[in-house]
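Residue numbers (the working numbering): 19 to 328.
Glycine included, every Cβ here is placed at the ideal spot set by N, Cα and C.
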Amino acid sequence: MRCQRNPLLPLLRTKPNAPLSLVVFLFPLKQSPAPHTRQPPVKPTLYAFAPGWKIGGQEIEKQDNKDTETDKKDKETIIGSFDVDSLKWMAYLKFNQIDYDIKPAFEPTMSPSGKLPFLALPNGSLVTDEGFEQWVQENKGQSDTTASLNIHEAAEAIAFSTLAESKIHAALLYTLWLEAPHFQGTTRQHYFGHHNYYLGKLLNYMSKSNIVHSMLLTRTQIDRELIFEEAAAAIEALSVQLGENEYFFGKSTPSSLDAIVFSYLHVILTLPRIRNAEDGGRSGELARMVRKHENLFKYSQNIWKKSFAA
19 MRCQRNPLLP LLRTKPNAPL SLVVFLFPLK QSPAPHTRQP PVKPTLYAFA
69 PGWKIGGQEI EKQDNKDTET DKKDKETIIG SFDVDSLKWM AYLKFNQIDY
119 DIKPAFEPTM SPSGKLPFLA LPNGSLVTDE GFEQWVQENK GQSDTTASLN
169 IHEAAEAIAF STLAESKIHA ALLYTLWLEA PHFQGTTRQH YFGHHNYYLG
219 KLLNYMSKSN IVHSMLLTRT QIDRELIFEE AAAAIEALSV QLGENEYFFG
269 KSTPSSLDAI VFSYLHVILT LPRIRNAEDG GRSGELARMV RKHENLFKYS
319 QNIWKKSFAA
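Now the structure itself:
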């Protein structure tokens with residue numbers, strides 16, 4: 019590995035009276051090649067929180083087979099992601115028949131937007147949240163694997179997406195970051211388990227502070243009862259809208275709304291169950307809300323089996 023000398027160095031040596039300002043151009047005096055150059059991926063690669071919830075420890079146990087969305091072969095690790103945004107991207111890519119690889123990632127700062135997930139392309143470019151849906155539409159498979167929505171359905175899809183991303187999202191945040199058993203175990207293990215214990219604990223508390231701040235931007239106080247009441251109403255509304263259909267709006271193929279709703283339902287339903295007297299079942303309340311609606315539970319199972327477990 020050879021170092022490359024600054025080409026201005028011999029020139030400035032022959033001109034001792036050169037302006038002092040030119041000295042800055044001497045640096046670096048020598049430039050070494052990068053020890054490792056990242057090769058572009060062969061196909062689109064999704065950097066995301068992955069895989070799904072992994073069960074560890076004696077207090078956190080997977081739910082019974084009748085209540086879980088995974089087969090017996092998935093007892094140790096759930097395919098997919100424990101993060102809603104990451105799972106939403108995975109589902110949307112699968113719905114549009116885009117072949118991609120998954121690269122497990124746990125550092126949001128590695129993304130140009132400072133947020134996971136992001137997509138690395140063979141041409142060296144990166145796709146973040148802002149350009150993701152447009153890129154998918156330009157590169158999706160040839161067959162009609164995703165539903166086309168008319169203007170009225172599209173407006174309703176926006177409304178129901180907003181409902182999920184506000185009301186259900188708030189309850190999920192509360193469950194993960196403000197319910198002590200999950201915060202001290204499940205959340206820290208999955209988001210910061212790759213750090214050493216003390217650093218992971220510090221980052222966990224810092225992230226909790228940011229989550230609380232973000233929640234207070236849309237409400238005057240964090241009222242658990244109100245948050246879960248709103249989430250229950252949102253889940254009820256989604257259940258009514260879905261009805262007995264396979265996908266929303268009675269379509270035979272999924273749409274972007276299905277990717278969003280599925281990602282929330284799946285993360286909630288596969289959240290590890292906390293078994294201790296102090297919790298009193300509080301950490302599982304959101305999952306019980308979803309299970310009350312059999313059509314939502316079957317809907318989530320159906321998408322999981324067709325798009326992920328197949």
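- Shown here, F136 sits in a strand according to DSSP, grouped into three states.
- F136 and P53 have their C-alpha atoms some 25 Å from each other.
- In the assembly as shown, D117 is an exposed residue. Its beta-carbon has fewer than 16 other beta-carbons within 10 Å.
- Nearest to N320 by C-alpha distance, out of E264, G203, S166, A189, is E264.
- Selection F210, I229, H231, V230 evaluated against L221 yields F210 as nearest (Cα-Cα).
- Setting aside the 5 residues that flank it on each side, W195 is surrounded in the same chain by F201, T205, K226, I229, each with a C-beta closer than 7 Å to its C-beta; the list follows chain order.
- If only uninterrupted alpha helix (DSSP H) runs of at least 4 residues are considered, those enclosed by the region 132 to 211 are 147 to 157, 169 to 181, 187 to 191, 206 to 210.
- Taking 8 Å as the cut-off, the Cβ atoms of L283 and T193 do not count as close.
- Rounded to the nearest angstrom, the gap between the Cα atoms of G268 and K106 is 20 Å.
- Contact holds between the region 129 to 144 and the region 59 to 68, because three or more Cβ pairs, one in each stretch, are under 8 Å apart.
- The bridge partners DSSP lists for D119 are T63.
- Within the same chain, and ignoring the five residues on either side of P126 in sequence, the residues whose Cβ sits closer than 8 Å to its Cβ are G132, K133, L134.
- Per DSSP, D103 is one residue of the alpha helix (DSSP H) stretching across 102 to 113.
- Where G218 is concerned, the enclosing alpha helix (DSSP H) starts and stops at 215 to 234.
- Counting every other CB atom within 10 Å of its CB across the protein chains shown gives Y317 a total of 16 or more, marking it as buried.
- The criterion of a C-beta distance shorter than 8 Å is satisfied by N114 and K158.
- Each residue's CA atom was taken as its position, placing D297 and I169 some 46 Å apart.
- Three or more beta-carbon pairs separated by less than 8 Å are not found between the region 232 to 251 and the region 147 to 157, which leaves the two stretches without contact.
- Counting only residues of its own chain and dropping the five nearest sequence neighbours on each side, S257 has a CB closer than 7 Å to the CB of H311, N313, L314.
- Distance between K219 and P199, taken at the CA atoms: about 14 Å.
- The shortest CA-to-CA distance from A251 to any of M307, A172, P69 is the one to M307.
- Rounded to the nearest angstrom, the gap between the Cα atoms of T164 and R237 is 36 Å.
- When only Cα atoms are considered, S232 and H187 end up about 12 Å apart.
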